Amino acid sequence: MKLRKVATVVVVAALLAVGGLAPANAEVKDPNLEQTVSDSESYAPAGEQRVLTDGHVDLGPVYSSESGVLSLLARDDTAETPVWRDVNDVVFNVGDVAQQVLPEGDTYDFTGAAAGETVWALPQTQVAGVPWLGWNTQHPQLAQAVDRGVTFEFLGHQGDGDFTVFLQAGGFGEPQVLWTSAKSEAQSIWVDALTHTHANWVFTKPGVHLVKLRVKAALQDGKEVSAEGVLRFAVGNVKADEAFSAQWQGSAAESATAGDGASSESAVTVADTFSTVGRVTLGLSVGAVVLLAVLGFLFFRGRKAQAAVFSESQDS
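Following this line, the structure appears as C-alpha cells:
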C-alpha cells in the first residue's frame, strides 16, 4: 500500500482566481455531507439491535423539549430512511476492508502504531464496506434549546491496543487529535450547534472495543443537561454478539470541568480548524479552504478499499 498525493490542476486554477478574505459565514459545502435532520424522523425501540457494516451514521445529541432530557443516539442513515437508535443497541463492524498500513514517517505515531504497521480505520471519507461514522448537532429541538453548542467528552476506551480519533485537512494539514486512549483523563471537544462532522476512528488491534462518551450542553434557559453512552466496535474477525454482550468495566475518566456545563473554553474547538457549518475562519480565503478540502488527500489502499482515507470531509 502506497501513499499518494493527488492534485487537481483545475482546482488550483480556480484557487488562484479567488482573492480577498472570506466573511465569517461564507459557505463551503461538501455535497456528500449535505443533509437535513427533521423532527419527524423515527426512533428505533430500545433493545432493537443492529450491526452496521457500511454506510453513513452520525452520533447525535437529541433533546426533548417536553421531558427536558438529553440523549446520545446514533442516527442510522444506512437505509433509505434515517432512524435514531440507542448507541448501546448498535455494533459498528470494522472488518478487514478497514485495514490500512501506515505510511512511512512518524506523522501517525500518535495512533500507537508505527509506519508499516496495520491499523483498522473508519475513515473521514466514505469507503465502501466500512461504516462512515461522524457526529451532528442538527436535531431541531437541540438546536433551538442549546446556548451555542455542546461538548462531546471521551471518557475512556476498553479493548486491546490503542484507540484514536483525529481530523486532518488533507495532506497539507497536521492531524488534529481529538481523542486518544494514550491519555487517562477525559478529553473534550466543543461542537457548535447545527454542524455535521466526520473524523478518522483508528484501532491498532482487533477485538471488541468499547468507547464511552458523554455529551453535555448548557441550555438557553440556564439549565445544564448531559447524557452518556457506550459505543461498541467489532474490529477484525470478531462476532457482533461478542460486542453486544461486552460490559463496560471500571469507572469512566473524570472530566476536568465536571459540573461546569458545556464550555468552549476548556475543550478543543473543532470548528476553529474545520468548517462544519459553512463558516470560514476569518483571514482565510474561500480558495484556501477549498484547497484544504480537495487537494493533498492521503490515500491508503486497503485490500478492498477503493476510496480516500484519513482526509477532511465535513459540512452541515
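Note that the sequence shown covers residues -26 to -1, 1 to 290 in mature numbering (1 follows the signal peptide of the UniProt record, and there is no 0). Note that the Cβ used here is the ideal one computed from N, Cα and C, for glycine as well. Note that this is a predicted model, so its numbers are computed, not measured.
Residues of the same chain with a CB within less than 6 angstroms of the CB of residue 131, apart from the 5 flanking positions on each side, are 137, 155, 185 in chain order.
DSSP places residue 180 in the coil class of the three-state scheme, outside both helix and strand.
Excluding sequence positions up to five before and after residue 199, its CB lies within less than 6 angstroms of the CB of 44, 191, all in the same chain and listed in chain order. When DSSP states are grouped into helix, strand and coil, residue 43 belongs to the coil group.
Counting the other Cβ atoms within 10 Å of the Cβ of residue 122 gives fewer than 16, which makes it exposed. Counting C-beta pairs with one atom in each stretch, the segment 100 to 110 and the segment 32 to 40 have three or more that are closer than 8 angstroms, which means they touch. The criterion of a C-beta distance shorter than 8 angstroms is satisfied by residue 187 and residue 203. The segment 74 to 150 contains, as complete alpha helix (DSSP H) runs of 4+ residues, the segments 114 to 119 (chain order).
Per DSSP, the unbroken alpha helix (DSSP H) holding residue 214 starts and ends at 214 to 219.
Your pair residue 18 and residue 57 checks out as a contact, with CB atoms roughly 5 angstroms apart and the cut at 8 angstroms. Under DSSP, residue 203 forms a beta bridge with 187. CA-to-CA, the gap between residue 49 and residue 22 works out to about 14 angstroms.
Under DSSP, residue 173 takes part in no beta bridge, so it has no partner. Following the DSSP letters along the chain, one finds residue 64 inside the beta strand (DSSP E) bounded by residues 64 to 68.
DSSP places residue 167 outside both helix and strand once states are collapsed to three, so it counts as coil. Leaving aside the five residues that flank residue 139 on each side, the residues in its chain whose CB is nearer than 6 angstroms to its CB run, in chain order, 152, 153, 173, 175.
The beta carbon of residue 180 sits closer than 6 angstroms to those of 209, 210, all from its chain and outside the five residues before and after it, given in chain order. DSSP places residue 244 inside the alpha helix (DSSP H), whose first and last residues are 244 to 247. About 31 angstroms separates the beta carbons of residue 79 and residue 27, which is beyond the 8 angstroms limit, so they are not a contact pair. In terms of Cα proximity to residue 159, the closest of 24, 128, 147, 189 is 128. The DSSP-derived three-state label of residue 53 is coil.
Rounded to whole angstroms, the gap between the alpha carbons of residue 133 and residue 178 is 10 angstroms. Excluding sequence positions up to five before and after residue 63, its CB lies within less than 8 angstroms of the CB of 18, 20, 21, 22, 23, 24, all in the same chain and listed in chain order. A Cβ-Cβ separation of about 18 angstroms leaves residue 226 out of contact with residue 182 under the 8 angstroms criterion. Nearest to residue 98 by C-alpha distance, out of 189, 90, 91, 142, is 142. Apart from sequence neighbours up to five positions away, the residues of its chain that approach residue 162 with a beta-carbon distance below 6 angstroms are 125, 127, 241, ordered along the chain.
CA-to-CA, the gap between residue 147 and residue 81 works out to about 11 angstroms.
Residue 223 counts as exposed, since fewer than 16 other C-beta atoms from the protein chains shown sit within 10 angstroms of its C-beta. The residue from 9, 115, 201 with its alpha-carbon nearest to that of residue 55 is 9. By the CB criterion at 8 angstroms, residue 171 and residue 244 fall inside the cutoff. Residue 36 sits in a strand when the DSSP states are folded into three classes.
Listed in chain order, the non-local C-beta contacts of residue 118 below 8 angstroms within the same chain comprise 39, local neighbours out to five positions each way being set aside. For residue 18, the secondary structure class from DSSP, reduced to helix, strand or coil, is coil. In the structure shown, residue 160 adopts coil according to DSSP, grouped into three states.
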